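**Q** Take this structure first; my questions come after.
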Amino acid sequence: MAGVAKSSRSILWFSEIEIGDIPLVGGKNASLGEMYSNLTKKGISIPNGFAISAHAYREFIRANQLERQIKQALKGLVITDVRALAAAGAKIRQLILSASFPEKLVEEIAQAYQKLSAARGGDHLAVAVRSSATAEDLPEASFAGQQETYLNVRGEAELLLSVKKCIASLFTNRAISYREAQGFDHLSVALSVAVQEMVRSDLGASGVMFTLDTESGFRGVVLINAAYGLGEYVVKGRVIPDQFYVFKEGLKQGKEAVISRILGTKEVKLVYGPQSGTKQKTVSGADRNRFAINNADVAQLARWGMMIEEYYQKPQDIEWAKDGQSGKLYIVQARPETVKARSSHSVIEKYELKKKGQALANGIAVGEKIGAGKVRVIEDPRDMKLFKKGEVLVTRITDPDWEPIMRIAAAIVTEQGGKTSHAAIVSREIGVPCVVGAKHARELLKTGQADTVSCAGGDTGVVYKGILPFEVKRTEIISVAKTKTQIMMNVGDPDHAFSLSFLPNDGVGLAREEFIFTNFIRIHPLALIHYKELKDKAAKKKIAAMTRGYKNKETYCVDKLAEGVARIAAAFYPHDVIIRFSDFKTNEYATLIGGRQFEPKEENPMLGWRGASRYYSKEYRDGFRLECEAMRRVRNDWGLTNVVTMVPFCRTPEEGEKAIKTMAEFGLKQGENGLRVYVMCEIPSNVVLAEEFAKIFDGFSIGSNDLTQLTLGVDRDSPFVAHVYDENNLAVKTLIRDVIRVAHAQGRKIGICGQAPSDYPEFAEFLVREGVDSISLNPDTVVATRERIAYVEKTVGKTGEKTSAPSVSLVAMVGIVAAAFIGLGAGCAGSSLAESRSATDISPALVREKLTEKMKQAQAGAEQDKQQAVANQLSTLSIATFANFTLQYPSIFTVEQWNGGVTLKHPTNGTYVSIFRQVLGHPVPDSGKQAAEAGGLKGVRYEDTSAKDGTKIFVVELSLEGGEVLEINGNSEKFNDILATIKFNKEENISSRPITHWDIRERRICAQVITYARETAGAKCLAYSTPCDVPAGAKVCDARDTK
């Protein structure tokens, strides 16, 4: 075909195709050609083939005069009319299947197929026939998954029929509906067909690979799914495949780096039919219980995936196959991943109850979310099997045995416990709203009753009767304050780690192994080691089912623990991830499957056999060996050297030495491969003997929960002394201050991972002043606390010396008061003040009173200056969706991005500024408007009064290209200041607006979009801040109405 332009050819071989040929052969074929031409030389195996071009498709349509008939069939079609859509689609597909290919095209397809077959030494080569749609004028349009694929196609006649079926699939109901919704002309979209040599994966395996995590969009891993047989069953979700995660950086280091393996059921597979086509076959039990591919295959696929991603410079969705005859791996398709790769990840959620009802119970709020569902009161753990996903769990108290149902609860309510109880800690980690310490909850809340649990109202959590409406506001993190103090996170659930990694952080300050044991392993380590000697037959049966595929049961524990830790470590690599060894109490260990045989009954487990004392004991050291093996695998085999291990509840330096020695015996040697070992500082002895502990360990992590409990002698779960439990107590803060100073004097890092910094802003400020190296927070408080700490560091610094004048005055005043107290209270000899005082002099008590009053005034002035400084701070907002601009706004404001606009709102008084593309003109005459300009765009300005609360609303309308209007309105006193900072980028970059006037007329959105309405015909159109404020029954006004 020399001399014929590529755009006029019907057949193009993969070696002739490049990525720029999408209009000619569609995205799928263009990608295959680009890879075949450029990546096979780098070692990636890609089956050869050719594309039947979009030019051939159009020739086929023209030759059979189908264009007019297709238009007629689609005329007046309403896609919401399912029957009409199905009828139109069926008619068009039949027209195509009844039509004939032009003779020249038949000849060209046959010749290409013969050439492909001959290259493989045969006549009727088995090929895959795949559709690849394209829009000539819309090369970026995505039509993935809308057309059909045919496998094991043999012979020219069958090939031509399959090609015709592919063309017909351009008019499936789903494809027609998609194009209508996207506004594409059906006949501007064309179809190309790939004819590709088949890989004998029917005798091997196949699957899909993504070069990011598909749930979170995290790009540090490769996700691979694998099942037996041809790939269609994996792609279409007909089977539950094996799943693998590969850590990219570990792979680059030459490590195996397969950090997670989950065995799928793989009950059936798709194989070749007797002559052609495919058939389903049952997978044997033995094959189901083993992985479809080995670790070497997984690593090889991941390397290829990373090479393809690097070549295209974007995340990829890739299909692969393993030939069962040759054992070779192949890439059969690759396309950009378009869902998570384009999403914005740094988002803060804010829950707001829109209506309050009858309060049934209240307690301490954990987190800031709202959940609703039917109540399930569970008195006995044996009844947990009755719990259904989405219900509200109500019980007396929880322990690790409850975590599996806590994970599926809409909300959790417990009668006992405080902010650091098990229910509170776990609910924070899994993101479920929880109310603890809710007295008589089991009596007040009834099973089957629908209730709403709100933790969005501050410290008090409330359970309301009925399902109440609430709103979730998601705010993108535009800019992040930098801090000298490291801001780390407490992360327990490996399943959430990838998502949490998008929050601004300096690593993980605490990852508890207990969460992984409870939710992923669920079996006592010693029950796995001594599986054959287990006395509990029921437990033995459960373990057998859970460890399917494991001959050596203890390997199951090592695998699951290593994989859980690795997911967290990979999510935050290369930042430090501090993994705390297991710190279950004996009663908690006993709840693990098979655990009762190995755990003693203790009167006070909180102060019993826990933490370091278990690791070196002859009764548990074998269990600790499994923990060490898991850590060694994560660090040494997978390359996650950012893992820092931590020993909890270490009572004495001698215990610390024993723990370190035991770790070394199990192959986890301090200092080897950069291994650091920290110790929890949670017992007063850790502070008293801090110098000795610093000689043994590489760092400290303050556990304020246990430290407070043991310093004050308080049971943190007891409701009778809950009022005494306080991390802000002077005794606790004195210990923390002392240990920070000792740690730094000994050259050791020290952080804190307790609850206090998340709950109490003043406690976080205290830590910064004392120079703590890191603060580890619950994820939902990271952004707010980081902003607060950045401010503290600027105004206070990490040395305790204030930098603002009012604060210096306050320090001076404290000195004056202290001096006065010394002079007046100590009776100093030779004091001239005492000698000259007459009977009418001011008394010492009055002096103290006046000085105290001055102190209060100075303190109030300092606080006012601090608030003013915060109010004057500015942040920058960049928008590139509904419009393309930047502006500056007070840092104290919240940013709420909604579908088609953005609102800047003051967090306390609710005043706002909204910016959006106007979809409904306002009934304001031109005489009431003034000329205005902002950011170089001209427009008009006017004011009105809110019919709801009487506040003044400012409105600016700016003219955009194409006649559209960008509206800026609000009632904030900062309106003009914000307006003055707006700067527009090139107008051609502005995308089309995503909302319509119906969203306003039907009150579908509640954002601050000024809306005019009148309650009766002929009445005055009144202004409302949001569409939701418009009274029921009122009609929305637009520019056609007059005031």
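For the sequence shown, my numbering assigns the number 214 to the initial residue and increments by one for each residue that follows. Each residue gets a CB set at the ideal place from its N, CA and C atoms; glycine is no exception. Only a predicted model underlies this, so the values are computations on that prediction, with no experimental measurement involved.
Between Leu-902, Gly-777 and Glu-868, which lies nearest to Pro-846 when the distance is taken from Cα to Cα?
**A** According to the sequence provided, residue 846 is Arg. The question's Pro does not apply to it. Among Leu-902, Gly-777 and Glu-868, the Cα nearest to that of Arg-846 is on Gly-777.
**Q** Around the C-beta of Ile-680, are 16 or more other C-beta atoms found within 10 angstroms, so that it is buried, or is it exposed?
**A** exposed
**Q** Taking only three categories from DSSP, how would you classify Arg-950?
**A** helix
**Q** Let me know the secondary structure DSSP gives Ser-228 once reduced to three states.
**A** helix
**Q** Within 10 angstroms of the Cβ of Ile-475, are there 16 or more other Cβ atoms? Answer buried if so, exposed if not.
**A** With fewer than 16 other Cβ atoms from the protein chains shown falling within 10 Å of its own Cβ, Ile-475 counts as exposed.
**Q** Looking at the structure shown, is Ser-473 part of a helix, part of a strand, or coil, going by DSSP?
**A** strand
**Q** If I follow the unbroken alpha helix (DSSP H) through Ala-775, where does it start and stop?
**A** 766-785
**Q** Does at least one heavy atom of the ligand ADP sit under 7 Å from the Cβ of Lys-582?
**A** Of the ligands one can find in the structure shown there are none, so the ligand ADP has no counterpart to examine.
**Q** Name, in chain order, the residues that DSSP records as bridge partners for Ser-1172.
**A** Val-1178
**Q** List the DSSP bridge partners of Trp-615.
**A** Partner(s): none; Trp-615 has no beta bridge.
**Q** So what does DSSP say about Asp-593, is it helix, strand or coil?
**A** coil
**Q** According to DSSP, simplified to helix, strand and coil, what is Glu-815?
**A** coil
**Q** Out of Gly-644, Pro-454 and Glu-978, state which residue places its alpha-carbon closest to the alpha-carbon of Lys-697.
**A** Glu-978
**Q** According to the neighbour-count rule (16 or more other Cβ atoms, all chains shown, within 10 Å of its Cβ), is Leu-599 buried or exposed?
**A** Leu-599 is exposed by the Cβ-count criterion.
**Q** Counting along the chain, where does the beta strand (DSSP E) carrying Glu-532 start and finish?
**A** Secondary structure note for Glu-532: its beta strand (DSSP E) is the uninterrupted segment 529-535.
**Q** Sort Ile-1105, Phe-1095 and His-1119 by Cα distance to Trp-1111 and report the nearest one.
**A** For Trp-1111, the nearest C-alpha among the options comes from Phe-1095.
**Q** Relative to the C-alpha of Ile-437, which candidate in Leu-443, Phe-457, Thr-1229 and Glu-628 has its C-alpha closest?
**A** Phe-457
**Q** Taking Ser-917 as the reference, which of Val-447, Leu-948 and Ala-1147 has the closest Cα?
**A** Leu-948
**Q** Count the other CB atoms within 10 Å of the CB of Glu-840; is the residue buried (16 or more) or exposed (fewer)?
**A** Of the other Cβ atoms in all chains shown, 16 or more fall within 10 Å of the Cβ of Glu-840; this residue is therefore buried.
**Q** Report the rounded CA-to-CA distance for Arg-1253 versus Tyr-1225, giving the unit in angstroms.
**A** 12 Å
**Q** Output the boundary residues of the beta strand (DSSP E) element that contains Pro-549.
**A** DSSP places Pro-549 inside the beta strand (DSSP E), whose first and last residues are 542-549.
**Q** Closer than 6 Å by C-beta to Gly-358: which residues in its own chain qualify, once you throw out the five before and the five after it? Chain order, please.
**A** Summary for Gly-358: the model assigns pLDDT 47, below 50, so the residue's position carries little reliability; its value from the coordinates is reported in the next sentence. Contacts found: none.
**Q** Starting from Thr-799, follow the beta strand (DSSP E) in both directions and report where the run begins and ends.
**A** Element bounds for Thr-799: not the beta strand (DSSP E) but the alpha helix (DSSP H), 799-802.
**Q** From Gly-335 to Gln-327, what does the alpha carbon distance come to, in whole angstroms?
**A** 9 Å
**Q** On the DSSP letters alone, give me the boundaries of the alpha helix (DSSP H) that Glu-708 sits inside.
**A** Sequence check: residue 708 is Asp here, not Glu. Start and end: 707-713.
**Q** Helix, strand or coil, according to DSSP, for Phe-273 in the structure here?
**A** Correct three-state label for Phe-273: helix.
**Q** Counting C-beta neighbours from all protein chains within 10 Å, is the total for Glu-321 16 or more, i.e. buried, or is it exposed?
**A** buried
**Q** Under DSSP, the alpha helix (DSSP H) around Leu-237 begins and ends at which residues?
**A** 235-251
**Q** Could you tell me the boundaries of the alpha helix (DSSP H) in which Asp-500 lies?
**A** 498-501
**Q** So, helix, strand or coil for Ala-1075, using DSSP?
**A** Reliability of the predicted coordinates at Ala-1075 is poor, the pLDDT of 49 falling under 50, and the value obtained from them is presented with this limitation in mind. Of the three classes helix, strand and coil, the one that applies to Ala-1075 here is helix, per DSSP.
**Q** If you check the beta carbons only, do Phe-711 and Glu-642 fall under 8 Å apart?
**A** For Phe-711 and Glu-642, no; Cβs fall outside 8 Å.
**Q** Can you list, in chain order, the residues of its chain with a C-beta nearer than 8 Å to that of His-512? Leave out the 5 residues immediately preceding and following it.
**A** According to the sequence as given, residue 512 is Ala; it is not His. Same-chain partners within the cutoff: Val-459, Leu-464, Glu-469, Ala-470 and Val-471.
**Q** For Val-447, which residues of its own chain have a beta-carbon under 7 Å away from its beta-carbon, when the five flanking residues on both sides are left out?
**A** Within the same chain, Val-447 has close Cβ partners Ser-419, Gly-420, Val-421, Asn-438, Ala-440 and Pro-454.
**Q** Give a yes or no on contact between the region 817-826 and the region 728-747, applying the rule of three or more CB pairs nearer than 8 Å.
**A** Note that the region 817-826 does not touch the region 728-747; fewer than 3 beta-carbon pairs, one per stretch, sit closer than 8 Å.
**Q** Closest to Ala-659 by C-alpha separation, out of Thr-608, Gly-630, Met-619 and Val-693, would be which residue?
**A** The displayed chain sequence assigns Lys, not Ala, to residue 659. Answer by Cα proximity: Thr-608.
**Q** What residue range is occupied by the uninterrupted beta strand (DSSP E) comprising Leu-1235?
**A** 1235-1237
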